[in-house]
Amino acid sequence: MERQILIIGGGASGLMAGIQAAREGASVTILEHMDRVGRKILSTGNGRCNLTNLSIRPEHYRCSERLFPMRVLDHFSVWDTLTFFDEIGIETRNKGGYIYPNSEQASAVLDALRLEAAYRKVEMAVGCDVLRARKIARSGNRRAYFLVETSLGEYRSSALILSTGSKAAKVTGSDGSGYQLAKAFGHRVIRPLPALVALHCEGKYFRQMAGVRCEAVVKLVCGGKTLAADKGELQLTDYGISGIPVFQVSRFASMALDRGQDVMAQLDFLPSKSMEDTTRFLHARRSGLAYRKSADYLTGVVNKKLAGVLLKCAGIGAETTVRDITDEQLGRLSRLLKCFEAKVTATNSFEQAQVCCGGVDTGQIRPNSMESRLVPGLYFTGEILDVDGICGGYNLQWAWSTGAIAGRCAAAQVRRMESHTEQTGRRE
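Quick note: the sequence shown uses the numbering used here, first residue 40, plus one each step.
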């Protein structure tokens, strides 16, 4: 089957690419190996779909080329995204800069995308496993084309867009197969690793603290240097640490662990107080609650399960009277409240990760078109690239922007090729 544009992968960026290319008049087919397109969209924003974020800055994205993401977003911005979703019938809601569909249903976003794709006559080949993809050169004035061999037969196209996703959340369809396709076309793939993921930590106390949620600062330290830090609701688990602040810094742990380096997590359970204020606070509390048992010394300060672990680590017995807690013990408790350390031993697997760090080297991609610098007519979108955003709608914005740019530019290129062929044929 021959189409002007083939898109491998029917996730967020693939759907956007297909719709935008079809709007430009191109005939488009999306090849999706799952039984339906857009699976991963359904799980975004805990099922509510955080579409994008009104605040977009360079620090919201991580990439080996630091400014590459912003160069891309200059060509399809947050405002372009909002306009697009308004056009396809999605009313949005602003929650402190975080943009959601007004219905707060990720399924509504997927439905709107599928309806628009159908209206634009984008063909969908689902349950379609891609076996091989290559570019076929032809002699004379005959145009080169892409040949994609699949479980459903062969497809040909003038342009090919790789929107296969990463290795994160395989259950939604991201199996990493796109990396092999990219390599086959000569592209460098930076080793993918789990990102936006929970961390496993060494220590016998985590089972006792499992289930605790609290406001905290999470800092990662390697070789005496801070890798990253973030503040938010920390979740303590039986194996380590999770929650938004952990997700935000996890890619740095992934990379350091992959290099064989030791990584320490430092947890600040009283981020609103300095170390000095914490020490003064504990001394005043010892005076004011001198009559209590030590087991109740931190009641109302931190979660009871967490308090029990901190007191034990500080060497304060549960039956000790608060007035008998020594200055040395209070000093240890202050340090534990402000800098509870645990060695990071691993991340959760790709299956539990929201995205990956690593991917196709952006140095080989043109940011204004998403076209390969190595293979004309080949485009890349979304998570297959070496770009990962923090939590908050940034990864979906990356999908919308890269998909829209690739779809539009691929369609424009196809028009130019066909016009050139037609003119050449007339001259002959």
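From the three backbone atoms N, C-alpha and C, an ideal C-beta is built for every residue, glycine too. Computed from a prediction, not measured in an experiment: that's the story for all the values here.
Test item: CB-CB of residue i and residue j under 8 Å
i: Met-40; j: Gly-192; result: yes
i: Ile-80; j: Ala-151; result: no
i: Cys-448; j: Glu-422; result: no
i: Ala-438; j: Met-55; result: yes
i: Val-161; j: Ile-47; result: no
i: Val-348; j: Met-409; result: no
i: Phe-308; j: Val-341; result: yes
i: Phe-123; j: Leu-417; result: no
Cutoff 6 Å; reference residue i; Cβ partners in own chain excluding five residues on either side
i: Phe-115; result: Ser-440, Ala-443, Ile-444
i: Glu-467; result: Here Glu-467 scores only 49 on pLDDT, less than 50, and its place in the model should not be relied on; the value that follows carries that caveat. There are no such residues.
i: Met-230; result: It should be pointed out that residue 230 corresponds to Arg in this sequence rather than to Met. Cβ neighbours of Arg-230 beyond the five flanking positions: Gly-397.
i: Gln-43; result: Ala-65, Ser-66, Ser-197, Val-453
i: Met-73; result: Gly-212
i: Ser-458; result: none
i: Phe-389; result: Lys-206, Ala-207, Pro-233
i: Gly-282; result: Glu-272, Leu-273, Gln-274
Beta-bridge pairing of residue i - partner residues as DSSP gives them
i: Arg-195; result: Glu-41, Leu-186
i: Asn-133; result: Ile-138
i: Gln-305; result: Lys-258, Glu-380
i: Cys-253; result: Leu-273
Boundaries of the alpha helix (DSSP H) in which residue i is found, first to last residue
i: Arg-325; result: 314 to 327
i: Ser-146; result: 145 to 158
i: Val-348; result: 343 to 352
i: Glu-98; result: Taken as a continuous stretch (DSSP letters only), Glu-98 belongs to no alpha helix (DSSP H), as it is neither H nor E.
i: Pro-310; result: Per DSSP, Pro-310 belongs to no alpha helix (DSSP H) and is neither H nor E.
i: Ile-283; result: 283 to 297
i: Val-117; result: 117 to 126
Residues near residue i in its chain [Cβ-Cβ closer than 7 Å; skip 5 each side]
i: Phe-291; result: Leu-259, Leu-266, Ala-267
i: Gly-431; result: Asn-89, Asn-92, Tyr-137
i: Tyr-433; result: Asn-92, His-99, Tyr-100
i: Ile-429; result: His-99, Gln-287
Closest Cα partner of residue i within the set the options
i: Arg-78; options: Arg-227, Ala-147, Arg-331, Gln-436; result: Ala-147
i: Leu-296; options: Val-285, Lys-243, Val-251, Leu-232; result: Leu-232
i: Arg-195; options: Gly-204, Val-169, Ser-202, Gly-217; result: Val-169
i: Val-383; options: Phe-224, Arg-227, Thr-120, Val-285; result: Val-285
i: Glu-143; options: Val-117, Arg-105, Ser-82; result: Ser-82
Contacts around residue i, its chain only, beta-carbon distance under 8 Å, and the 5 residues preceding and following it disregarded
i: Ala-262; result: The sequence shown places Gly at residue 262, not Ala. For Gly-262, where only same-chain residues beyond five positions count, the Cβ hits under 8 Å are Gln-300, Asp-301.
i: Arg-153; result: Leu-54, Val-76, Gly-77
Endpoints, beta strand (DSSP E) assigned at residue i
i: Val-399; result: 394 to 399
i: Asp-427; result: 426 to 428
i: Val-169; result: 169 to 175
i: Tyr-418; result: 417 to 419
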